[in-house]
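There are 2 protein chains.
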Amino acid sequence: MNSADLGRRVGVPSTALFTDQYELTMVQAALKAGTADRRSVFEAFTRRLPEGRRYGVVAGTGRVLDAVENFHFEDEMLGFLRDQDVVDGPTLDYLADYRFSGDIWGYPEGEVYFPGSPVLRVEGSFAECVLLETVILSILNHDSAIAAAASRMSAAAGGRGLIEMGARRTHELSAVASSRAAYIGGFDTTSDLAAGFRYNIPTVGTSAHAFTLLHDSERDAFRAQVDSLGRGTTLLVDTYDVTEAVRTAVEIAGPELGAVRIDSGDLLLVAHRVRQQLDELGATETRIVVTSDLDEYAIASLAAAPVDAYGVGTQLVTGSGQPTCSMVYKLVARAASADPADELRPVAKKSMGSKSSKGGRKWAARRRDEEGVAEAEVIGTGPVPDELAGQQLLVELVKGGEVVAREPLDEARERHIAARAGLPMSAMQLSRGEPVLPTEYV
Amino acid sequence: MNSADLGRRVGVPSTALFTDQYELTMVQAALKAGTADRRSVFEAFTRRLPEGRRYGVVAGTGRVLDAVENFHFEDEMLGFLRDQDVVDGPTLDYLADYRFSGDIWGYPEGEVYFPGSPVLRVEGSFAECVLLETVILSILNHDSAIAAAASRMSAAAGGRGLIEMGARRTHELSAVASSRAAYIGGFDTTSDLAAGFRYNIPTVGTSAHAFTLLHDSERDAFRAQVDSLGRGTTLLVDTYDVTEAVRTAVEIAGPELGAVRIDSGDLLLVAHRVRQQLDELGATETRIVVTSDLDEYAIASLAAAPVDAYGVGTQLVTGSGQPTCSMVYKLVARAASADPADELRPVAKKSMGSKSSKGGRKWAARRRDEEGVAEAEVIGTGPVPDELAGQQLLVELVKGGEVVAREPLDEARERHIAARAGLPMSAMQLSRGEPVLPTEYV
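As given, the protein sequences belong to chains B and R, one line each in that order.
Note that our numbering gives residue 140 to position 140 of the first sequence, counting from 1, and the numbers run on in steps of one.
Offset between the second sequence (1-based) and our numbering: plus 1000.
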């Protein structure tokens, strides 16, 4: 079972095979070499934000906690690994007993991050930490990409309603995680019932063209919908002629009509025309919902249009051009043994190109000016300077294998709004630019 | 349970909530209006290929069949829908009994498609068909996007090995579906153990930088790996200095060393240097595997390099710039009742912009020239011309609610290779262009 962020508990399968094969073979080789239990520190971080983006958004942390709890090798899985000769007998024995028993610290969900930010820090034996690499990265890379797009869209929407409706554009479970990430990034509702079920995200629905086409006339369709769902429903008005549809809609539902949805055409122009028509018909409270390949730029371009809510699909669930983050999970320090007294030594790859990384177990803090506006992401491996002690970003998530930091999803959402508000104003620009905070290593 | 394409059977949860709320509210309104049982035909198709792409690849069909079989509302789900007032009592009763009882025809998995191709045709009552919209589109849009990218990469690789290793860059279950789609598109193996478990796709693994950094020297790391995994293993040689690493690798494993992996730097240059060094050391059979943000263009640019296999991650699982297809699921025909004798009438949206679609229940065939090379995708709603009767593309997948077209995944993979080979040569060009076949409506 997973926590579902304190929503409904959902039976989930073990996450242990969401793992690249090399993690298991590395464990095998390390077990044989006697190095598998060396005390190790892994960190998840990104070397760069997607091009032009000003900040990243941490999302997926709650799902990572579920994944770590559910990471255990069931008999059938062990049988598969045996049958396929993936690993040897001693390794199968190790895996059969596997439960993560280490510590995890990380940026709390909804927090913003920058290049180098140690978004997650995993400590334990080499073997127990390395096995979690793929599933941790899958979750953080996916969910953070969606949350980052959602955050830009919610900044562009400036308080108007945002409906996540991208389920049909991505893998069915990726869709559920996307709803969750979008909610953290500032969306209000989702059309995805599984996201409502699993995470208590408010669900909403309108109507599809198929419903109009099923009936002998648009009038029949509207009447059927209003009869069953009430006057507060949202009628889709662009199956045939919008002006006629709006007239029919108000005729049937009266001025109490909840909303109309426009899904095609020049949304700016049509929204103005429809608003004027609705007002003339006395339906001054009827809301206008627009959908149709919206992204943050389209949302921003509709700022002056009489739109009450945006429904966003494709561009949200594909991260608005950036469907994944480039977070990596690297060994940054390790001891020569399992002995807690044995010193942790920083390690880092030193090879060609831009793939180098900084060794050492890191802390991170956000330095702020007198007004409380963030100035820099400060990252270090030594002692934390006194003036930054109160601004530290990592929080304890797992202690000795036990999850210690469950929270309702709304807390992550509120945290994100606050974190974004604490950034310099230029964070909200949609145009391409550098990360809005510099990363300083001390 | 799902079929797992005749691989291991995997317990999967019901797919019934992978559904947009409006599908349920439309069912409610149609039930009340007495139109829910009108005989209906829905089709999944795309109005356009991603910009510049020459062909699409159908993938996900096997998963769609699983999803349809597993689409049933469990008590807990019905309780959720009741608690949240999503639908009324009669609708809950309808959903409680829901099992798809209609027919599904479609392009077989691995087949190529073009704008307008009726990739899937779903027939039954309005209510039973409309409920499947979201989950069908989620699967087809995701899986076909990945398969299309995989197909371009496999064309570029020209017979060299292709390893799918993108799990860490996408949602953990999207990753499993991506491995499956990549295999259909021409990939040979995957690093994702869940994909091996679920779909019998051959799994492989190399080693990570963390393994080298865990040990006191690269030499210790290589020795540990070879001791445990044998000389046939793949050693990662770019943690420190490549030349030194290759020397150490052959010293430890001997010329029987299976492969070396290069994950950074100028792959073209480094591969040449490493090949020369390996040959000089007598390791003429040792293979070179390259990884590091490869896409179809990078693969093509390495055609002249002494590379034996490509490991592809990010760009594969994100569809190489096109992470989703734009397939839609539209009501194209319906009768005025449930009576099979009642005539099916074509229906279509007629609104603004490019979102119009063609009404009518469709067949599709691929016209070929005397050499058997495809010339056109022919789509019609009337009788099939005699000369095209043998070239029809849709096959029966579900009959009266029963899945009738299970097949092993290898069949879809072989079908794709054959289908692609039957296209005009220009299909294999990586450069942007028009769809390689015109769509003709007759």
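Quick reminder that beta carbons are idealized off the backbone N, C-alpha and C, glycines included.
Keep in mind the model is a prediction, meaning the values are calculated, not measured.
Tell me which residue opens and which closes the beta strand (DSSP E) that residue i is part of.
{"i": "Gly106(B)", "result": "Asp103 to Gly106"}
{"i": "Gly1311(R)", "result": "Ala1309 to Val1312"}
{"i": "Ser40(B)", "result": "Arg39 to Thr46"}
{"i": "Tyr1441(R)", "result": "Thr1439 to Tyr1441"}
{"i": "Thr206(B)", "result": "Taken as a continuous stretch (DSSP letters only), Thr206(B) belongs to no beta strand (DSSP E), as it is neither H nor E."}
{"i": "Gly1380(R)", "result": "Ala1374 to Gly1380"}
{"i": "Arg1287(R)", "result": "Arg1287 to Val1290"}
{"i": "Thr1239(R)", "result": "Element bounds for Thr1239(R): n/a, residue is neither H nor E."}
Which residue from the options puts its Cα closest to that of residue i?
{"i": "Phe45(B)", "options": "Gly360(B), Val373(B) and Asp369(B)", "result": "Gly360(B)"}
{"i": "Val87(B)", "options": "Phe100(B), Glu43(B) and Gln21(B)", "result": "Gln21(B)"}
{"i": "Asp1263(R)", "options": "Ala259(B), Lys350(B), Glu285(B) and Asp308(B)", "result": "Lys350(B)"}
{"i": "Val68(B)", "options": "Ser426(B), Glu51(B), Glu411(B) and Val403(B)", "result": "Val403(B)"}
{"i": "Leu95(B)", "options": "Gly106(B), Phe73(B) and Asp83(B)", "result": "Phe73(B)"}
{"i": "Val204(B)", "options": "Val289(B), Arg54(B), Gly382(B) and Ser151(B)", "result": "Val289(B)"}
{"i": "Leu1388(R)", "options": "Leu1162(R), Gln1429(R), Gly1433(R) and Val1442(R)", "result": "Val1442(R)"}
{"i": "Gly1258(R)", "options": "Ala1405(R), Gly1186(R) and Val1237(R)", "result": "Val1237(R)"}
{"i": "Lys1358(R)", "options": "Ala1271(R), Ser1117(R) and Thr1284(R)", "result": "Ser1117(R)"}
{"i": "Glu1370(R)", "options": "Asp1410(R), Lys1399(R), Pro1424(R) and Leu1409(R)", "result": "Pro1424(R)"}
{"i": "Leu316(B)", "options": "Leu302(B), Asp295(B) and Ser301(B)", "result": "Asp295(B)"}
{"i": "Ala412(B)", "options": "Thr61(B), Glu285(B), Gly319(B) and Leu120(B)", "result": "Thr61(B)"}
{"i": "Thr318(B)", "options": "Ala182(B), Thr19(B) and Gly254(B)", "result": "Ala182(B)"}
{"i": "Ser1174(R)", "options": "Asp1143(R), Gly1158(R), Ala1156(R) and Leu1193(R)", "result": "Asp1143(R)"}
{"i": "Thr1314(R)", "options": "Asp1083(R), Ala1210(R), Leu1092(R) and His1171(R)", "result": "His1171(R)"}
{"i": "Ala421(B)", "options": "Ala374(B), Gly254(B), Pro408(B) and Asp342(B)", "result": "Ala374(B)"}
Below 6 Å CB to CB, which residues in the same chain sit around residue i once its five sequence neighbours on both sides are set aside?
{"i": "Phe42(B)", "result": "Val122, Cys129, Tyr329 and Leu331"}
{"i": "Val1395(R)", "result": "Pro1108"}
{"i": "Arg261(B)", "result": "Thr206, Thr234, Leu236 and Val289"}
{"i": "Gly1161(R)", "result": "Asp1188 and Ala1309"}
{"i": "Ala194(B)", "result": "Val176"}
Let's see if you can read the secondary structure: which residues bound the alpha helix (DSSP H) around residue i?
{"i": "Ser1174(R)", "result": "Glu1172 to Ile1184"}
{"i": "Lys1032(R)", "result": "Gln1021 to Ala1033"}
{"i": "Met77(B)", "result": "Asp75 to Asp83"}
{"i": "Ala1249(R)", "result": "Val1242 to Ala1253"}
{"i": "Ala283(B)", "result": "Taken as a continuous stretch (DSSP letters only), Ala283(B) belongs to no alpha helix (DSSP H), as it is neither H nor E."}
{"i": "Thr61(B)", "result": "Thr61 to Glu69"}
{"i": "Leu137(B)", "result": "Glu133 to Ala157"}
{"i": "Ala1259(R)", "result": "Counting along the chain, Ala1259(R) falls outside any alpha helix (DSSP H), though it belongs to the beta strand (DSSP E) covering Ala1259 to Ile1262."}
{"i": "Leu1095(R)", "result": "Gly1089 to Ala1096"}
Residue i versus chain D: which residues are under 7 Å apart at the beta carbon?
{"i": "Ala1208(R)", "result": "In summary, chain D is missing from the structure at hand, where the protein chains are B and R."}
Can you list, in chain order, the residues of its chain with a C-beta nearer than 7 Å to that of residue i? Leave out the 5 residues immediately preceding and following it.
{"i": "Ala376(B)", "result": "Arg367, Leu437, Pro438 and Glu440"}
{"i": "Ala1036(R)", "result": "Val1027, Ala1030, Ser1125, Phe1126 and Ala1127"}
{"i": "Pro90(B)", "result": "Leu31"}
{"i": "Gly380(B)", "result": "Lys362, Trp363, Tyr441 and Val442"}
{"i": "Pro1306(R)", "result": "Ala1271, His1272, Arg1275 and Ile1288"}
{"i": "Thr243(B)", "result": "Gln277"}
{"i": "Leu1430(R)", "result": "Arg1152, Ala1156, Glu1296, Tyr1297 and Ala1300"}
{"i": "Glu23(B)", "result": "Val130, Leu131, Glu133 and Thr134"}
Using C-beta distances below 8 Å, list every residue in its chain close to residue i, excluding the 5 sequence neighbours before and after it, in chain order.
{"i": "Arg1334(R)", "result": "Arg1038, Arg1039, Ser1040, Val1041, Phe1126, Leu1344, Arg1345 and Val1347"}
{"i": "Tyr1098(R)", "result": "Ala1016, Phe1071, His1072, Phe1073, Glu1128 and Leu1131"}
{"i": "Ser426(B)", "result": "Arg54, Gly433 and Val436"}
{"i": "Gly1102(R)", "result": "Val1122, Glu1123, Gly1124, Ser1125, Glu1128, Cys1129, Val1398, Gly1400 and Gly1401"}
{"i": "Ile1146(R)", "result": "Ala1059, Ala1177, Ser1178, Ala1181, Ala1182, Gly1185, Leu1316, Val1317 and Gly1319"}
Since residue i sits in a beta bridge, which residues does DSSP pair it with?
{"i": "Gly1124(R)", "result": "Ser1040(R)"}
{"i": "Met1327(R)", "result": "Thr1046(R)"}
{"i": "Ala365(B)", "result": "Val378(B) and Gln392(B)"}
{"i": "Gly1422(R)", "result": "Looking at the DSSP assignment, Gly1422(R) forms no beta bridge with any residue, so it has no partner."}
{"i": "Lys399(B)", "result": "Glu402(B)"}
{"i": "Glu1164(R)", "result": "Thr1190(R) and Val1312(R)"}
{"i": "Gly1056(R)", "result": "Tyr1113(R)"}
{"i": "Pro1346(R)", "result": "Ala1333(R)"}
If we count Cβ pairs, one from each stretch, closer than 8 Å, do we get three or more for the segment 164 to 176 of chain B versus the segment 75 to 90 of chain B?
no
When you compare the segment 434 to 441 of chain B with the segment 105 to 116 of chain B, are there three or more beta-carbon pairs, one atom per stretch, that lie closer than 8 Å?
yes
Does the pairing of the segment 16 to 35 of chain B with the segment 313 to 324 of chain B give three or more beta-carbon distances under 8 Å?
no
Are there three or more Cβ pairs, one per stretch, closer than 8 Å when the segment 1212 to 1223 of chain R is compared with the segment 1232 to 1252 of chain R?
yes
The segment 1275 to 1286 of chain R in contact with the segment 1134 to 1154 of chain R per 3-pair CB rule at 8 Å:
no
Is there contact between the segment 1054 to 1066 of chain R and the segment 1138 to 1155 of chain R, where contact requires at least three CB pairs shorter than 8 Å?
yes
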